[in-house]
Amino acid sequence: YPLKVEDIPSSNGRAARGKPLVSLLPNGATSGTETIVTHFLLPEEPENYQIILVTKLGRIKRLLAEELVSLTNRGLTTIKFKDDDQLVSVQLIQPGQNLILASAGGRLLRFQANDEQVPIMGRTAMGLQALR
Numbered sequence: 013y014p015l016k017v018e019d020i021p022s023s024n025g026r027a028a029r030g031k032p033l034v035s036l037l038p039n040g041a042t043s044g045t046e047t048i049v050t051h052f053l054l055p056e057e058p059e060n061y062q063i064i065l066v067t068k069l070g071r072i073k074r075l076l077a078e079e080l081v082s083l084t085n086r087g088l089t090t091i092k093f094k095d096d097d098q099l100v101s102v103q104l105i106q107p108g109q110n111l112i113l114a115s116a117g118g119r120l121l122r123f124q125a126n127d128e129q130v131p132i133m134g135r136t137a138m139g140l141q142a143l144r
């Protein structure tokens, strides 16, 4: 869900408590079925960046950052899940950057974010199985 910086109220000094993020998002974002995994600013030139999504069950997906440019308050589906899976990490990267995935069992997987290793996929794809 998009949130413009100018829509965030200014704090009133050092003792300010802040405002809950969920109160600034549209109603669909606070339905109880979605949680915020990460946040980032889209770069000035999003065509030079990509998004990496990683799920709890070890799936990985790469999509173009340009796909997130025209977000509306309705949000946007960027990955489909199996019933028991969930999103655990989202990273903004540049093409060809090295990535390292680590499992709870202590296994590491290092690879380059390119078309051979992790092809760019559409928004409705589930991604590839990277770790088991």
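Each residue of the sequence shown is one higher than the one before, counting from 13 in this note's numbering. In this text, a Cβ means the ideal position worked out from N, Cα and C, and glycines have one as well. Since the structure is predicted, the reported quantities are computational estimates derived from the model, not experimental observations.
Using a 10 angstroms sphere on the CB of Ala114, the tally of other CB atoms stays under 16, which defines it as exposed. Distance from the CA of Pro131 to the CA of Leu36, rounded to the nearest whole angstrom, comes to 35 Å.
Spatial neighbours of Arg135 in its own chain (CB-CB distance under 8 Å, excluding positions within 5 residues in sequence) are listed in chain order as Leu75, Glu79, Leu88, Thr89, Thr90 and Ile91. Taking a C-beta distance under 7 Å as the contact criterion, Ala125 and Gln141 do not qualify as a contact pair. Membership of Ser22 in any beta strand (DSSP E) is not indicated, and neither H nor E is assigned to it by DSSP. Looking at the DSSP output, Asn110 shares a beta bridge with Gln124.
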